[in-house]
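Student: In our numbering, the protein residues as written are 15 to 321.
Below you will find the structure I want to go over with you.
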Amino acid sequence: EAETAKEAGVRGVLGETVIGFPSPDHKNWQETIAATEKYIERFRNDDLIVPAVAPHAIYTTPDEALVAAHRLATKYNVPLLIHLAEMKKERDDAVRVRKMTPTEVLDKLGVLDGRVVAAHCIYETDGDLAILKRHGTGVAHCPSSNTKMASGVARVAEMLQQGVTVGLGTDGFAGSNDTADLMLEMDLAAKLQKITTMDPTVLPAEQVVAMATIGGAKVLGMEKEIGSLEAGKRADLISVSLDVPNAKPLYNVYSILAYAMKPGDVEDVFVNGREVVSARRVLTLNAPEIYRKAEEYREGIVTGLQQ
15 EAETAKEAGV RGVLGETVIG FPSPDHKNWQ ETIAATEKYI ERFRNDDLIV
65 PAVAPHAIYT TPDEALVAAH RLATKYNVPL LIHLAEMKKE RDDAVRVRKM
115 TPTEVLDKLG VLDGRVVAAH CIYETDGDLA ILKRHGTGVA HCPSSNTKMA
165 SGVARVAEML QQGVTVGLGT DGFAGSNDTA DLMLEMDLAA KLQKITTMDP
215 TVLPAEQVVA MATIGGAKVL GMEKEIGSLE AGKRADLISV SLDVPNAKPL
265 YNVYSILAYA MKPGDVEDVF VNGREVVSAR RVLTLNAPEI YRKAEEYREG
315 IVTGLQQ
């Protein structure tokens, strides 16, 4: 995954999932932790890849594995990526069995800090939000995934009001989302907060654009390097065409970016100062060949499921 990202010329904060049962690559979580440390050693000074430790969730990863994952992230000062309070059942089971919310579980284990990126955070109490703020833990809000999976809607407006750092994410492609369309996430994030609070002024366009840029950088602990166009930062940027019907008439550029722009409106992409997309054409990869291989993999998966 890291090598593919480098080949594509894109930046990635990547880690292999630490989970409490055998995976395709490792027999147990101990093997995954050991492999993750080797991976961190290899990529810790890379220009594009930020290695991370990625325990899955409290309901799939044993406490001792969560503690070991946090210890490793602390040792190398790298991000720790985890799913948190994504589903009602996750919250209900934790309260029933452990007499704590999922966030309280992590707090008691001592694995929350400013390196942690907590994905979803839908079923959070006021006390949970206070815990996240106290530790400086960032939240990755993934509205498309949360709506497709009928997980719920995170209290993003309240998180921001209480000083919790929130960035936008897309989640993955394993059934929870079908695109990596950050523009769709901006649109959906803003509208979900408006409808759940019944307040059209909540999460205005400029704020949701900030969540998609500098907010995400802050969640990852990379706001001094990326997330905004400033002298001395790395040149990660896109150009979008405003000469399209959905951008006309142009009254407010933030509203256009949050509610009207589509991925096809992106013309150029620069990562770390290198142009990787020019005039909507990918420069670093053979896109037609990738599409062909994707169809081959699809056929293999379908055949395997039918056997």
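We treat Cβ as the ideally placed atom computed from N, Cα and C, and that holds for glycine.
This structure is a prediction, so every number in the text was calculated from the model and none was measured.
1) What's the gap between the Cα of R112 and the Cα of D142?
2) Pull up the distance between the alpha-carbon of L202 and that of P157, whole angstroms please.
3) For G50, count neighbouring Cβ atoms within 10 angstroms of its own Cβ and tell me buried if that reaches 16, exposed if not.
4) Would you list the one or two residues that DSSP bridges to H155?
5) Since F57 is in the alpha helix (DSSP H), which residue starts that stretch and which ends it?
6) Leaving out the 5 sequence neighbours to the left and right, which residues in its chain are closer than 7 Å to P36 when beta-carbon positions are compared?
7) When the distance is taken between beta carbons, is E21 closer than 8 Å to T193?
8) In angstroms with no decimal places, state the Cα-to-Cα distance between Q322 and A144.
9) In chain order, what residues of the same chain have a beta carbon less than 8 Å from the beta carbon of E239, not counting five sequence neighbours either side?
10) Mind checking whether I63 and G26 have CB atoms under 8 Å apart?
11) Sorted by chain position, which residues of the same chain lie with C-beta nearer than 6 Å to L206's C-beta, five sequence neighbours on each side aside?
12) Specify, as a first and last residue, the run of the alpha helix (DSSP H) that L86 falls within.
13) Between A133 and G183, how many whole angstroms is the CB-CB distance? I'm expecting something under 8 Å.
14) For the candidate residues V223, S190, R169, T139, whose alpha-carbon lies nearest to that of I209?
15) For E100, which three-state DSSP category applies?
16) Do L86 and I47 have their C-beta atoms closer together than 8 Å?
17) Taking D77 as the reference, which of L243, V316, Q44 has the closest Cα?
18) Classify E309 as helix, strand or coil using the three-state DSSP reduction.
19) Would you identify the three-state DSSP class for L234, choosing helix, strand or coil?
20) What residue does the beta strand (DSSP E) around L28 start on, and which one ends it?
21) Cα separation between A272 and L198?
22) Cα separation between M225 and Q321?
23) Taking the straight line between their C-alpha atoms, what separation do you get for M114 and L146?
24) For R248, which three-state DSSP category applies?
25) Buried or exposed: which applies to M212, given that a residue is buried once 16 or more other Cβ atoms fall within 10 Å of its Cβ?
26) Please state whether DSSP places P214 in a helix, a strand or coil.
27) What does the alpha-carbon distance come out to for the pair V178 and E313?
28) The alpha helix (DSSP H) spanning V119 covers which residue range?
29) On a Cα-Cα basis, can you pick out the residue from A154, D140, R58 that is closest to I96?
30) Where K102 and A66 are concerned, what is the direct C-alpha to C-alpha distance, given to the nearest angstrom?
Tutor: Once the coordinates are examined:
1) 15 Å
2) 6 Å
3) Note that residue 50 corresponds to Thr in the displayed sequence, not to Gly. Counting Cβ neighbours within 10 Å, T50 comes out buried, since at least 16 surround it.
4) L182
5) 43-57
6) N42
7) no
8) It is not possible to answer for residue 322, since the shown part of the chain is limited to 15 through 321.
9) The residues are A231, K247, R248.
10) With respect to the 8 Å criterion, I63 and G26 are classified as neighbours on the basis of their beta carbons.
11) P157, V167
12) 77-90
13) 6 Å
14) Its Cα nearest to that of I209, the residue R169 stands out among V223, S190, R169, T139.
15) Note: E100 maps to coil in three-state DSSP.
16) yes
17) Q44
18) Helix.
19) coil
20) 26-28
21) 8 Å
22) Across the structure, M225 and Q321 are spaced so that their CA atoms are roughly 44 Å apart.
23) Spanning the two alpha carbons is a distance of roughly 15 Å.
24) coil
25) exposed
26) coil
27) The alpha-carbon of V178 is positioned some 43 Å away from that of E313.
28) Run containing V119: 116-123, per the alpha helix (DSSP H) assignment.
29) A154
30) 27 Å
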